[in-house]
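Step one of this worksheet: look at the structure below.
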Amino acid sequence: MELKDKVALVTGASKGIGAGIALELAKAGAKLVINYSSNRDDAQTIANRIQNETATEAIIVQADVSQKQQVKTMFQTAIDRFGRIDILVNNAGIYTYPLISDVTEEAYRSLFDVNVLGSLLTIQEAVQYMCESGGSIINISSLATRKTVHGASLYAATKAALNEITKVTAQELGSMKIRVNAILPGYVDTEGARSMGENAAEWAKQLVAATPLGRGGLPSDIGRVAVFLASDTSYWITGELIAASGGLL
-15 MELKDKVALV
-5 TGASKGIGAG
5 IALELAKAGA
15 KLVINYSSNR
25 DDAQTIANRI
35 QNETATEAII
45 VQADVSQKQQ
55 VKTMFQTAID
65 RFGRIDILVN
75 NAGIYTYPLI
85 SDVTEEAYRS
95 LFDVNVLGSL
105 LTIQEAVQYM
115 CESGGSIINI
125 SSLATRKTVH
135 GASLYAATKA
145 ALNEITKVTA
155 QELGSMKIRV
165 NAILPGYVDT
175 EGARSMGENA
185 AEWAKQLVAA
195 TPLGRGGLPS
205 DIGRVAVFLA
215 SDTSYWITGE
225 LIAASGGLL
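Okay, so the sequence shown: first residue is -15 according to my numbering, each after it adds one.
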């Protein structure tokens, strides 16, 4: 198995893309640390699936990734259980789509705290445990940084920041054999996407119609790309922004 004996920490993994990534990493043999902010039951459901459907282990850990002490505690819990961290997936994120006229300071701080500061804090902490044996850091960005999305000024700005963090940290951490890459999903059929109302449903139909491979993405599609980036197969890839969108441009 590609990731046998590896330990992966996935933030925001209680459902959606994060859960799909956690499941695929587990299928590839990794032990999983499933982070959640508030959805404990959903996180436990994913951990139970991993325990029942794969030959590996999973634990759940609550933490708000925008809070430094909570991030430290999350990593220490992972180390206490598994003794190492080889893979970090920064998936935790908030997405709202206010028009520019409706953007508030509160919304700005909320999105940037989780989507940007949260990733910086987890990367800082991961480096302490990866610096001797190397590792793979995978940031979940968005195709919204390449394709203009109505109402996404805040969200796309946070993901554009994450893209630059990816490229800069790849250079800074390369000497430690720590690789840093980002996945840019296109439209992915998740609980969150389906809960955004009729306008979002119509938007999703348009995106699927424009996707050359003829369907919306699934969380497992993103998960399989994460497995590749986490594995030694991609050892010569770092600092890259990889679209996983079925060809949607």
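The beta carbon of each residue, even a glycine, is placed where N, CA and C say it ideally should be.
So, using beta-carbon positions, are L157 and V100 closer together than 8 Å?
As a first step, residue 157 must be located in the sequence shown, where it is residue number 173. As a first step, residue 100 must be located in the sequence shown, where it is residue number 116. Contact flag unset, no.
Quick one: give me the first and last residue of the alpha helix (DSSP H) that L9 is part of.
Residue mapping note: residue 9 aligns to position 25 of the sequence shown, counting from 1. Unbroken alpha helix (DSSP H) run through L9: 0 to 11.
Identify, in the order they occur along the chain, each residue of the same chain with its Cβ nearer than 6 Å to the Cβ of I162, setting aside the five sequence neighbours on each side.
Here residue 162 corresponds to residue number 178 of the sequence shown, with the count starting at 1. Excluding positions up to five away in sequence, the list reads M114, G118, G119.
Can a CB atom of chain B be found closer than 8 Å to the CB of G201?
Among the chains in the structure shown there is no chain B, since it carries only a single protein chain.
In chain order, what are the residue ranges of uninterrupted alpha helix (DSSP H) at least 4 long that sit wholly in the region 115 to 186?
137 to 157, 175 to 178
Taking A227 as the reference, give the member of Y219, W220, L213, T217 with the closest Cα.
Here residue 227 refers to the residue found at position 243 of the sequence shown. A227 has its Cα closest to that of L213, out of Y219, W220, L213, T217.
Neighbour-count burial assignment, N251, 16 or more Cβ in a 10 Å radius:
No answer is possible for residue 251: the residues shown for the chain start at -15 and end at 233.
Using 8 Å as the threshold, is the C-beta distance between T88 and V164 below it?
Position 104 of the sequence shown, counted from the first residue, corresponds to residue 88. Position 180 of the sequence shown, counted from the first residue, corresponds to residue 164. Not closer than 8 Å, so no.
Let me check understanding here. Comparing Cα to Cα, which of V152, L233, G170, K189 lies closest to I206?
Position 222 of the sequence shown, counted from the start, is the residue given in the question as residue 206. When only C-alpha atoms are compared, the closest one is G170.
Which residue's Cα is closest to the Cα of T195: A154, V98, I149, S229?
Your numbering for residue 195 matches position 211 in the sequence shown. Out of A154, V98, I149, S229, S229 has the C-alpha closest to the C-alpha of T195.
Three-state secondary structure (DSSP) of G43
Here residue 43 refers to the residue found at position 59 of the sequence shown. In the sequence on display, residue 43 carries Ile and not Gly. Strand.
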